[in-house]
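There are 2 protein chains.
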Amino acid sequence: MCQSCHASVYALAGCQLTGDHLNVNLQDSAIVQQFKQHCSLSEKEKVLLLELEQNPIKVNAGDIIWQENSKVDQFCTISQGWAYSFRNLGDGSRQILKVYLPGDIIGMRDFAFSNRLAGVAMIDDGIVSPFSHEHLLKIFRKSTALTAGLFAIACRQQAILTERLIYLARRTAQQRLAHFLYEMFLRLERIGAVNNGRFRLPLSQEQLGDILGLSAVHVSRTFTAFREEGLVLRDRHRVTLPDPEALALVAEFDGSYLNDAVPALFFDRAWQSHMLAGTAAWNEETMPGKPRTSSAD
Amino acid sequence: MCQSCHASVYALAGCQLTGDHLNVNLQDSAIVQQFKQHCSLSEKEKVLLLELEQNPIKVNAGDIIWQENSKVDQFCTISQGWAYSFRNLGDGSRQILKVYLPGDIIGMRDFAFSNRLAGVAMIDDGIVSPFSHEHLLKIFRKSTALTAGLFAIACRQQAILTERLIYLARRTAQQRLAHFLYEMFLRLERIGAVNNGRFRLPLSQEQLGDILGLSAVHVSRTFTAFREEGLVLRDRHRVTLPDPEALALVAEFDGSYLNDAVPALFFDRAWQSHMLAGTAAWNEETMPGKPRTSSAD
DNA sequence: TTGGTTTAATAACCTAAGTTAGCCAGATAC
DNA sequence: GTATCTGGCTAACTTAGGTTATTAAACCAA
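Residue numbers (my numbering), protein chains in the order written: chain A, 1 to 297; chain B, 1001 to 1297.
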C-alpha cells in the first residue's frame, strides 16, 4: 500500500506521480464515471467519491485481495485490471461469483458481515483503492444522491446475481457460455475495450468452468461447438464474436438488467424538486445517453 | 387498498380497526423487528419505519402483487402470509427467486430499474403494505442509521442470492433440497413458526422444483429418498425434520450468511461515537442475542 | 354424490454434462 | 538445446437428473 503518500485527494487530483504513486483526477476516475450513470454529481460529491480512491495500490495478476472468512475491514474500488470473487467449496471445487472490471466497487456486499463470504483475486495486473466503512457512512450522511446511487448499485448487483442464478439453474452449457460471453462483450464495449467484436478475455477454460458451473472439459466442448457454428472464435485470450446478436439469441439474452437502469424517480421532476431541493441535483439529462462504464460491484 | 383510511401513523399505532382496516402498532411490527437485528432505533426512526406500513392491504393466496416488466411504482413490506418472486422463462419454465416471510421487504431490488425484473405472487392469504420511492429517499435523508440498515439488508439479500447461486450451480438435488428446507427451518424458527422440528411449508413439489431448478418429478424422488433415510417427513404441507442438524450436514450448510450479520462497525465503539454522534444510537446491546425476525427482502 | 382438477409417487427411458484419460502445443525453466 | 508444466482438445464411458406416462390419492365445484 502506498503508505508514503499522504497527499490529500485535492493534491492527487490532476497531479502526475511516478513510481508507486498513481495519477487520479476528476475527469477519468472510473468510479465517477460509474456514478454518472445514475445521477449528475456536484463538485462536493465528486470529491467525496474521489476520496474513495485516495489509496491506490498496484497489484499483480494472481494476487489475493482478501481471503474468504477474513475480517471485513475495508472495501475497494478497482481502477485498472480485472478481478474476480470466488468461494472454495468443501469438495475441492470452487465457484467464481463475479468478474470485476475497472470502475466497479469490490466487496460492498460484505458491508453487513463481520467476515468475508467470498475471496477476491486479481486476474490481471491492476490498481485497487481500499476504503473503509467510515467512508461509506460518511457518504450516507453527506449526500442523499450518492446514497441513492450506492443503493442503486447494490440493487443492480442483485439483478446481475439473479440473472446468473437463473442461467445456472435453468440453462444449457451453450446458453450459459453464450450469456457470459455476450455480457462481457456488453460490459467491455461500454468501457471501450471491444474492437470489431474482438476483445481480450484473460480467463482459462478452467476459470470459465468455475464461473459457469461447468467442468473445464465441457467448456472446451462448448467452445468447439461454437467454433463449428461460427458463433465464437477463440485464440488463447482473445475472443471474436463475428455476430454478437446471434450469440445473444442463443443465450436468450435480455439485457434489461444491465441497460434499463433508469429508475422512475429520475423522470418525476416535480417530485425531484420537492424531495431533493438543496441536497443534490439529479439530472435527467444524463439519462438518455447510454451508460459508459461497467456495472458496479 | 385501504384508500378510505387517512389516519396518520400515530393514530394507527395502537388503534383497533375493523373491516378492511388493520391494526399496526409500535411493538409488533415485523419490519421494526427486522431492523432491530441491525441497530437500535430511536422513536423517530420507529415512526419513519412504521410509515412504511401505513397502507396495509389484504391479499389472497395466488394474488399477483405485481407482474414481471410492469412499471416500478412502489415497494412493499409483508406483515402476514408468504409470497415469492419469480421469473417466467422463454421455454415455459419459470424460476422462483425468493420466498418472502413476514417482516421482509419486497421488491427493493427494483429500486434501480424502471421496470420489474421479476413478478411477485402470494402463496398464502396475507397483508402487504405498499410504499413509495419517496419514502425510501426520505429515510435516506433523515436517518443514517436506517440507511445503513437498509443497505445492510440489501447486502444480506446479495449474500442469500450468492448462496443459492452456488447451490444451484454446484450441488446435487439432495443437497439443494436439504439446503432449502434447512434454511426455511432457520428462518421460520426465528419468527416462532417451528414446533419441535415441525413446520408448515405451503409449497407444491412443482413450486419447490421451480425454486431449486429441478423437475417436480425429481423433487418427489428426492423426498422419497429423504423419507427412506428418515431425514425429512412430509405430509401435504407439513414438514418434520427429525434431526435438523443431520439435514444441515447433507446440505453442507454454512449459516454465516444468515447469522453472522454483525458488521465490524457495531463493535467499534470509539468509531461509533465519533461518526454517529447526534444521528442515531447504534447499540451493541442488541447484537449478542439471536435475531428474531426473518431476513429481509 | 359425481366428475374434474390438482398433487404426488413410481417406473421406463433418454440426454446433457461429469469423469477419466491420452495427446498435443505453447510457455517457461534449466 | 532439452525437460517440464500448463492449458486446451478429443474420445470413451458414466451418471444425475429430465421427460413421459400411468396410477392413485386429495381436493373442489356442481
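Cβ coordinates follow ideal geometry from the N, Cα and C atoms, glycine included. Note that the structure is a prediction, hence the values are computed from the model and not measured.
CA nearest to the CA of residue i, picked from the options
i	options	result
V1128 (chain B)	B:K1098, B:W1082, B:E1228	B:W1082
H179 (chain A)	A:Q80, A:E252, A:Q54	A:E252
A152 (chain A)	A:A30, A:F35, A:R221	A:F35
C126 (chain A)	A:S143, A:K58, A:G192	In the sequence as presented, Cys is not what sits at residue 126 (chain A); that position holds Gly. It is A:K58.
N60 (chain A)	A:Q80, A:E45, A:S42, A:Q207	A:Q80
E1043 (chain B)	B:F1223, B:K1142, B:G1230, B:E1228	B:K1142
D254 (chain A)	B:L1214, B:V1194, B:N1088	B:N1088
W66 (chain A)	A:R227, A:G213, A:N55, A:Y84	A:Y84
A1030 (chain B)	B:R1190, B:S1256, B:L1212	B:R1190
V1032 (chain B)	B:L1150, B:H1133, B:S1220, B:F1223	B:L1150
Q37 (chain A)	A:A148, A:P56, A:G92, A:D110	A:A148
Reduced DSSP category for residue i - H, G, I as helix; E, B as strand; rest coil
i	result
R1109 (chain B)	helix
Q1054 (chain B)	coil
G320 (chain A)	No answer is possible for residue 320 (chain A): it lies beyond the span of chain A, which begins at 1 and ends at 297.
T147 (chain A)	helix
S85 (chain A)	strand
R171 (chain A)	coil
Q1080 (chain B)	strand
P242 (chain A)	coil
A178 (chain A)	helix
N307 (chain A)	No answer is possible for residue 307 (chain A): it lies beyond the span of chain A, which begins at 1 and ends at 297.
G1278 (chain B)	Confidence is the limiting factor: at G1278 (chain B) the pLDDT is only 37, short of 50, which leaves the residue's position unreliable, though a coordinate-based value still follows. DSSP places G1278 (chain B) in coil when its eight states are reduced to three.
F1075 (chain B)	strand
I1211 (chain B)	helix
N196 (chain A)	coil
F1131 (chain B)	strand
R1236 (chain B)	coil
N259 (chain A)	helix
A1251 (chain B)	coil
L231 (chain A)	coil
I139 (chain A)	helix
L1097 (chain B)	strand
I65 (chain A)	strand
I1031 (chain B)	helix
A118 (chain A)	coil
Proximity of residue i and residue j at Cβ, strictly below 8 Å
i	j	result
R1116 (chain B)	D1210 (chain B)	no
A1112 (chain B)	I1064 (chain B)	no
F1185 (chain B)	P1244 (chain B)	yes
I106 (chain A)	I78 (chain A)	yes
Q1174 (chain B)	V1250 (chain B)	yes
L165 (chain A)	L1165 (chain B)	yes
D124 (chain A)	P202 (chain A)	yes
F1086 (chain B)	G1119 (chain B)	yes
A1246 (chain B)	L1231 (chain B)	yes
E1045 (chain B)	L1146 (chain B)	yes
Anticipated Cβ contact below 8 Å, residue i with residue j, distance rounded
i	j	result
F1131 (chain B)	M1108 (chain B)	No, F1131 (chain B) and M1108 (chain B) are not in contact; Cβ-Cβ is about 10 Å, not under 8 Å.
V1239 (chain B)	L1181 (chain B)	7 Å
L137 (chain A)	T1144 (chain B)	7 Å
I1096 (chain B)	Q1205 (chain B)	In fact, because the Cβ distance is near 13 Å, the residues do not count as touching under 8 Å.
C1155 (chain B)	A154 (chain A)	7 Å
Distance cut-off 7 Å: residue i Cβ against heavy atoms of the ligand ZN
i	result
N1088 (chain B)	The ligand ZN is not part of the structure shown, which contains no ligands of any sort.
Touch test, the segment 50–57 of chain A against the segment 155–163 of chain A, Cβ-Cβ under 8 Å, three pairs minimum: The segment 50–57 of chain A, when compared against the segment 155–163 of chain A, does not touch it at the 8 Å Cβ threshold.
Contact the segment 1065–1077 of chain B vs the segment 1169–1186 of chain B: 3+ CB pairs below 8 Å: Flag = no, the segment 1065–1077 of chain B and the segment 1169–1186 of chain B do not touch.
Segment contact, 8 Å Cβ cut-off, at least three pairs: the segment 1198–1213 of chain B with the segment 1232–1246 of chain B: Judged by Cβ distances under 8 Å, the segment 1198–1213 of chain B makes contact with the segment 1232–1246 of chain B, as three or more pairs qualify.
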